[in-house]
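Heads up, the thing below is written out as structure tokens.
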Amino acid sequence: MQALGTIYQIIEMLTNVLVMLIIIQFIIGLLFAFNVVNRSNDFLASFYMAINRFLEPVLRPIRNVLPNTGQIDFSPLVLIILLNIVLIILGNVIYG
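Okay, structure coming up:
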């Protein structure tokens, strides 16, 4: 039982890192969109592109299922909610 608890904690930590990356991607995207930071900033542009390349394979299937909402992309929010649902279910299975 202790091994399952450890595995759950590792999954929870990785999920938290993924959620933080999603939030960072969102914030950098807003900074670019509202021209607070210019896209010619090489560090932020390359960091943003790296996060996009990492998250795109996860977000693309969600975008394909969601209806087109124009400029607003709800797929990161849906991914965060799904990850939290999975954590709740795993926690209940392991510790329940």
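At position 15 of the sequence shown the residue is numbered 15 (this note's numbering), and the sequence of numbers has no breaks.
Just so you know, even glycine gets a beta-carbon here, dropped at the ideal spot from N, CA and C.
In this text, all values refer to a predicted model and were calculated from it rather than measured experimentally.
Item, Value
"Cβ pair count under 8 Å reaching 3, the stretch 54-61 against the stretch 13-30", "yes"
"Span of the alpha helix (DSSP H) around Leu108", "Any answer about residue 108 is impossible in this case: the structure gives the chain only from 1 up to 96."
"Cβ contact (3+ pairs, closer than 8 Å) linking the stretch 38-45 and the stretch 57-70", "no"
"DSSP-derived helix/strand/coil call for Phe34", "coil"
"Identity of the residue in Met49, Gly96, Leu59 and Val78 nearest Gly29 by Cα", "Met49"
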